[in-house]
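Respectively, the protein sequence lines represent chains H and G.
For the first sequence, my numbering begins at 6 and goes up steadily by one.
For the second sequence, my numbering begins at -7 and goes up steadily by one.
Glycine included, each C-beta is placed from N, C-alpha and C at the ideal position.
Inspection log for the structure reproduced underneath, given as structure tokens.
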Amino acid sequence: MKTSKFIKFAISVLLLNSLQLSAHAAGSVEFTNKAEVDVTVLSKDGKKETKRMPAKKVAPDGEVIYTTTFKNTIDKTISNIVITNPIPANMTYSGDSATGNNTEITYSVDGGKTYSPAEKLTVKGEDGKERPAQAGDFSHIRWVYKGDLATGKSSEVGFKAKVK
Amino acid sequence: MKWKNQSAYLQIKSLSIIAAAMLLGMSQSVWAAGTASSTIISNSASLSYTVGGTAQTPVTSDDPSVAGIQATSFVVDNKINLTVAKVDAARVSAVNNQVAATPLPNPPAYLTFTVTNNGNTTQDFKLTTTNPVVGSTDPFTGVTTFATSACRVFLESNANTTLQIGTDTEVSYINNLVADASQRVYLVCNTPLAATNGQTGTAGLVAEAVDATGTVAAQSASYTNAQLTAANTQAGVEIVAADIAGTETPVDGLRDAKHSASDTYIIATAVLSVNKTVSTICDPFNGNSSPKNIPGTAVQYAITIINSGSASATLSQVTDTLQLAGVNGIVFDPKLNSGATPASNCVSGNAANSLSATGFAAVTGAGTGPGFTAPGVAANATTAGATVSGQAITIDYPTLATSAITAPAGATLAAASYITVYFNAFIQ
């Protein structure tokens, strides 16, 4: 009963503020997620150089670099860190692009229900037979951080995906 | 404490299910051309952890570049891409001196193209034409040998695949072509009078994507060079022109919101020539054995019309006047004397040697003719279409008939074929 009230409350928050999720726990972990693009710009001396800037407008086929940073902001060591990130709708994961120091990276092809290393995943092909999953089949990425994160320490994980 | 944690966990789990459902609901259809422009793509990661062995409330990621706690999101830009393609698999046959002015020849010889919006946004398209100069390479790996001119543009207005004058509209602007959609476009161009059979002339179609706010009556302006080549500032609506260069350079280049293709006419006309030959059939002393051209000799005339072009011709009339009767003249033989022995039969109007009751015979076939050897055969005798009045011979092809030629088929002379009419005259 109490739980369902919670959910109703949660729905109303969501409807009011779309994807602004309320779970940013105060002061334990600072957890940010950046979407960036590499843009070719001309420097003052006329040379082309690549500049990474926040993604605001991206055309189809454009690749976006997602970087998720987490920092321990409490005075206790935190453990068992698991980060899960869904590949956004209308985007395709860029193969082998997931990174994360000291993490074990697994993927889901079933909407986040189960996770396995990329090479162990299969999906049903159009012919009804199981085939090895490809980057485009991935729906979620999960990073399991090995070990603990001491007070004040931070780390980051990331991946790239292209706009369909 | 444990119960509370459980409750919090349930709450978050429910939230993420709702969030996932919302993401699905927000996702717009993905076209082959790409995600529709202005689609918002959001992403939020979640992090679970423990402190001192106790599971904590999972955390949802925040976009650090936006004030407040926000999902990380961006908007899909307008990608412009288009393809102009010719549809015709071979050069399109046309007559020389086709005039694309009103009224159009119906049906005119027309070139067929498609314009396809490969971008992710509904666009309008301005259409212009080009007339490549003589010597330009045509899309069938040949060389243009005449220049087209004054091309007019028609849009297919119903779903058929042919130009219908009076139904398909003459407009050089495609209004509101949605992503992935294609529009069929026809070009009707002038061909020069001087163009001869087998010569080729090319016309190009250039389509330019413009924004969809315009209409046929009030067309959108071209995107400016600044808009198309602006540095990516990741702010405001940006346009990415992803088109390649088409055939019609320098009008159309790489990433200029334009694309082009060309298509080619080939002149297909009838090329007629008339041959008239004469042979000696018989004389009154030698009969048909080495006859000489002396008074009283029968000579045979064969008038052959040859179509060496690549289109059929409709024949009307040929007239021929025999030299005046009298001492130095010749006189038409009303029986088409075969010249068969005896030599005494070599006289005008001899029924015994007659090959034709009209005095005429005709034969037709492929090639250059004449398709018979003098003096001919009775099977070629005409029943109509060839007449004589005094010294005036008239061959009227629409009525020409033999046992093998049926009027008005005799009036149509197919490409690479001939028709021969022959008759005799006696030297006076």
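Suppose contacts are defined by Cβ-Cβ distances below 7 Å. Is residue i in contact with residue j by that definition?
i	j	result
serine 252 (chain G)	valine 198 (chain G)	yes
asparagine 112 (chain G)	serine 164 (chain G)	no
alanine 234 (chain G)	lysine 71 (chain G)	yes
proline 50 (chain G)	serine 34 (chain G)	no
isoleucine 298 (chain G)	threonine 356 (chain G)	no
asparagine 430 (chain G)	alanine 290 (chain G)	Residue 430 (chain G) is absent from the model: chain G starts at -7 and stops at 420.
phenylalanine 138 (chain G)	glycine 193 (chain G)	yes
threonine 64 (chain G)	lysine 169 (chain H)	no
threonine 89 (chain H)	arginine 147 (chain H)	yes
valine 149 (chain H)	glutamate 109 (chain H)	yes
Would a check of beta-carbon distances place residue i closer than 7 Å to chain G?
i	result
threonine 89 (chain H)	yes
alanine 60 (chain H)	yes
serine 84 (chain H)	yes
lysine 52 (chain H)	no
asparagine 107 (chain H)	no
valine 34 (chain H)	yes
threonine 37 (chain H)	yes
alanine 64 (chain H)	yes
threonine 73 (chain H)	yes
alanine 40 (chain H)	yes
valine 149 (chain H)	no
valine 114 (chain H)	no
lysine 169 (chain H)	yes
lysine 118 (chain H)	no
aspartate 43 (chain H)	no
lysine 81 (chain H)	yes
glycine 157 (chain H)	no
leucine 26 (chain H)	A caution first: leucine 26 (chain H) carries a pLDDT of 40, below 50, which makes its placement in the model unreliable, though a value can still be read off. Yes, contact with chain G.
serine 122 (chain H)	Looking at the sequence provided, one finds proline at residue 122 (chain H) rather than serine. No - not a single Cβ of chain G is within 7 Å of the one on proline 122 (chain H).
How many whole angstroms separate the CB atoms of residue i and residue j, which I take to be in contact at a CB cut-off of 8 Å?
i	j	result
leucine 154 (chain H)	isoleucine 86 (chain H)	6 Å
aspartate 312 (chain G)	phenylalanine 105 (chain G)	The Cβ separation is near 50 Å, so there is no contact.
leucine 96 (chain G)	valine 180 (chain G)	6 Å
histidine 145 (chain H)	glycine 117 (chain H)	4 Å
lysine 129 (chain H)	glycine 67 (chain H)	Going by Cβ atoms, the distance from lysine 129 (chain H) to glycine 67 (chain H) rounds to 30 Å, so no, they are not a contact pair.
valine 44 (chain H)	phenylalanine 66 (chain G)	No, valine 44 (chain H) and phenylalanine 66 (chain G) are not in contact; Cβ-Cβ is about 13 Å, not under 8 Å.
asparagine 38 (chain H)	alanine 37 (chain G)	5 Å
glycine 301 (chain G)	threonine 261 (chain G)	5 Å
threonine 161 (chain G)	cysteine 143 (chain G)	Actually they are not in contact, since the Cβ atoms of threonine 161 (chain G) and cysteine 143 (chain G) sit about 16 Å apart, beyond 8 Å.
glutamine 175 (chain G)	glutamate 200 (chain G)	Contact doesn't hold; Cβ gap of about 14 Å is too wide.
Under a CB-based cut-off of 7 Å, is residue i close to chain H?
i	result
valine 145 (chain G)	no
alanine 13 (chain G)	Unreliable positioning characterises alanine 13 (chain G) in this predicted model, as indicated by a pLDDT of 35, which lies under 50. A coordinate reading is not provided.
valine 67 (chain G)	yes
glycine 17 (chain G)	Because the pLDDT of glycine 17 (chain G) is 35, which lies under 50, any placement of that residue in the model is unreliable, and the question is left without a value.
serine 21 (chain G)	Residue placement at serine 21 (chain G) cannot be trusted, given a pLDDT of 45 that sits under 50; the coordinates are not used to answer.
valine 51 (chain G)	yes
isoleucine 72 (chain G)	no
alanine 406 (chain G)	no
threonine 108 (chain G)	no
valine 202 (chain G)	no
threonine 114 (chain G)	no
proline 56 (chain G)	yes
alanine 37 (chain G)	yes
Along the chain, where does the beta strand (DSSP E) containing residue i start, and where does it finish?
i	result
serine 300 (chain G)	Per DSSP, serine 300 (chain G) belongs to no beta strand (DSSP E) and is neither H nor E.
leucine 169 (chain G)	165 to 169
aspartate 55 (chain G)	Per DSSP, aspartate 55 (chain G) belongs to no beta strand (DSSP E) and is neither H nor E.
cysteine 274 (chain G)	264 to 274
isoleucine 322 (chain G)	322 to 324
tyrosine 178 (chain G)	174 to 182
glutamine 309 (chain G)	309 to 313
isoleucine 258 (chain G)	250 to 259
glycine 135 (chain G)	Looking at the sequence itself, residue 135 (chain G) is valine, so the reference to glycine does not match. Segment: none, valine 135 (chain G) is in no beta strand (DSSP E) and carries neither H nor E.
asparagine 461 (chain G)	Past the edges of chain G, shown from -7 to 420, lies residue 461 (chain G), and the structure says nothing about it.
glutamate 54 (chain H)	53 to 59
leucine 74 (chain G)	74 to 78
Under the DSSP definition of a beta bridge, which residues are partnered with residue i?
i	result
proline 91 (chain H)	H:His145
lysine 118 (chain G)	G:Tyr165 and G:Glu200
phenylalanine 146 (chain G)	G:Tyr178
glycine 357 (chain G)	G:Tyr410
asparagine 416 (chain G)	G:Gln292
serine 99 (chain H)	According to DSSP, which records beta bridges pairwise, serine 99 (chain H) is partnered with nothing at all.
tyrosine 71 (chain H)	H:Ala40 and H:Phe164
aspartate 160 (chain G)	G:Ile157
aspartate 235 (chain G)	BP columns for aspartate 235 (chain G) are empty, so no partner.
alanine 86 (chain G)	G:Ile259
valine 126 (chain G)	DSSP output for valine 126 (chain G) lists no bridge partner at all.
tyrosine 102 (chain G)	G:Val180
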